Amino acid sequence: MRKLGIILGSIKEKSSSKSLAKAMLPLFPESVEVSFISIEDLPLFNPDIDKEGRRPDSYERFRQAIREQDALLFITPEYNRTIPAALKNAIEIGSRPYQQVAFSGKPAMIISQSNGSLAGFGANHHLRQSLVFLNVPVMPQPEIYLAHIHTIVDAQGNFLDSTAAQFLTDSVQAFLDFAKRFES
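One gets this note's numbering by counting positions in the sequence shown from 1 and adding 528 to each.
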């Protein structure tokens, strides 16, 4: 893997997903170019405007950013037992036009997190289900659910819990190994 795109499920300025992503950046080898793929400026997906001459530029920028990656890392909170609306919208945009899915074939790792004890379990599974349908090979093990995220990482992106930091270090290595299977 040479290029990894990180997609955050939350568009909050001070999201825990963003803090966790910052903490994880040093876990990737220097040979991996890591970039954040923003979903903040994406208007709601509308098939009526997703046509030549009417398609928002942000749709194409997002799709192109996905296509340029070798692999993807999704870090998301859970809202109402599923993924946030902004992330669902991004998945809809990246899954079109039909049979031109930008995500297709890109290995992915999913991390869900929450302030509570459920660790984003529902969001993790809903996202996994959507991505598998879009031909995204999702790393099966380890599954990563982080409860009480405020005890794992601070707002500046520093790890607070050495056990969680080691688990994520091991998870990144597992993902690097998993992603190698899909290199051409």
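Just so you know, even glycine gets a beta-carbon here, dropped at the ideal spot from N, CA and C.
The structure presented is a predicted model; accordingly, all values stated were derived computationally and were not measured.
With a cut-off of 8 Å on Cβ pairs, the segment 558-570 is not in contact with the segment 684-694, counting fewer than three such pairs.
Non-local C-beta neighbours of P612 in its own chain, meaning closer than 7 Å and more than five positions away in sequence, comprise G537, S538, T604 and P605, ordered along the chain. A straight-line Cα-Cα distance of about 31 Å links F602 and G581. By the neighbour-count criterion, in which 16 or more other beta carbons inside 10 Å mark a residue as buried, Q627 falls on the exposed side.
The closest CA to that of D569, considering only R591, M552 and A651, is found on R591.
Relative to the Cα of A707, the nearest Cα in the group P668, D576, Q684 and L696 belongs to P668.
Under the rule that a run must span 4 or more residues, the alpha helix (DSSP H) segments found entirely inside the segment 630-694 read 649-661.
DSSP places G622 in the uninterrupted alpha helix (DSSP H) bounded by A613 to G622. Around the beta carbon of I535, a 10 Å sphere encloses 16 or more other beta carbons of the protein chains shown; the residue is thus reported as buried.
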